[in-house]
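Letter by letter, the sequence shown follows residues 376 to 585 in this note's numbering.
For every residue, glycine included, the Cβ atom is placed at its ideal position computed from N, Cα and C.
All of these numbers come straight from a predicted model, not from anything done at the bench.
Below you'll find the structure, written out as structure tokens, and then a few comments.
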Amino acid sequence: MEHVTSLNPASTAPRVHRPNTVAIGTIVWLGSEVMFFAGLFAIYFTLRAMAPEQFAAGHDIMNIPFAAVNTAILVSSSVTCQIGVMAAERGQAFRDGKRWGCVEWYYLSAFLGSVFMAGQVWEYATLVSEGYVLNLNSFTSSFFMATGFHGLHVLGGILAFFVVIVRIYAVRKMGQRETHSAMAISYYWHFVDVVWVGLFFVIYILPYIA
């Protein structure tokens, strides 16, 4: 007796995963942000070449130890953010015993980002109180412009953390949509941190080793 085996095409065809549009959109947008900050770096170096004496005087007033601590705080927020992504990837939204979930790690990341922002505001207030205002000279203009735009991006990242947290609370789980959102904000936050490390090196460190 002849046996006929029927094959279901749907069960044998390879499964195709569509690209994550949120991640792709974030990466494309970050590409434009790279160009934006590249422009700010170009402006800084151009003004520095045109007015070296103003930049030399400006570098002398920079509080390098304070900026280094503030930088370490922001970099540590990248670590906590990535740990939050790892929690999201394993489907853990909230704390389970002693093990934090994505929400707790993102709360901590937002807090560290807020501490960094507070430090930036304190540095601005100190400089302004000593007469170093935005339109004083080329150095102060480039300093406030570069760090100010970066600060706005940090603020945007902090708000994005809370958007993701609210989404997770709304569904009370770590679904695919929430995981993708958590990953997208991590891309952005790591980018913001890398930009600041570059700014810290160029503004605070490079003048003393160049």
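DSSP three-state assignment for residue i, whether helix, strand or coil
i, result
"R552", "helix"
"T380", "A caution first: T380 carries a pLDDT of 45, below 50, which makes its placement in the model unreliable, though a value can still be read off. Correct three-state label for T380: coil."
"D568", "helix"
"R474", "strand"
"L574", "helix"
"A468", "coil"
"L405", "helix"
"Y579", "helix"
"N445", "helix"
"M425", "helix"
"M437", "coil"
"I584", "helix"
Within 9 Å, strictly: CB atoms of residue i and residue j
i, j, result
"F519", "L509", "yes"
"G400", "A559", "yes"
"C477", "M549", "yes"
"T554", "A463", "yes"
"V587", "T446", "Lying outside 376 to 585, the shown extent of the chain, residue 587 is not represented and no answer is given."
"P582", "F416", "no"
"M425", "Y579", "no"
From the options, residue whose alpha carbon lies closest to that of residue i
i, options, result
"F411", "H525, H565, T455", "H525"
"G488", "S451, S517, F420, E408", "S451"
"A521", "F536, G506, Y499, V538", "Y499"
"H565", "A426, R470, Y482, V460", "V460"
"A557", "Y482, F416, E408", "Y482"
"F469", "Y507, F514, A545", "A545"
"L574", "M425, N438, Y419", "Y419"
"L511", "G494, A493, V539, A432", "A432"
"F514", "W404, A398, T421", "T421"
"I533", "A493, I584, T396", "A493"
"G523", "A535, R547, V496, S504", "V496"
Alpha carbon of residue i to alpha carbon of residue j, nearest angstrom
i, j, result
"V577", "A413", "12 Å"
"L502", "H434", "12 Å"
"W480", "L449", "14 Å"
"R552", "G466", "11 Å"
"F441", "F491", "11 Å"
"I543", "G531", "19 Å"
"I402", "Y562", "8 Å"
"I458", "K473", "14 Å"
"F428", "F537", "Looking at the sequence provided, one finds Glu at residue 428 rather than Phe. Distance between the alpha carbons of E428 and F537: 44 Å."
"V454", "V567", "13 Å"
"G506", "V444", "24 Å"
"S593", "I540", "Within the shown structure, residues of the chain are numbered from 376 to 585, placing residue 593 beyond reach of any answer."
Cutoff 9 Å: residue i Cβ touching any chain C Cβ
i, result
"S484", "The structure shown contains no chain C, having only a single protein chain."
**OP:** Please list the segments of the alpha helix (DSSP H) lying wholly inside the stretch 462 to 548, counting only runs of 4 or more residues, in order along the chain.
**Re:** 477 to 504, 513 to 546
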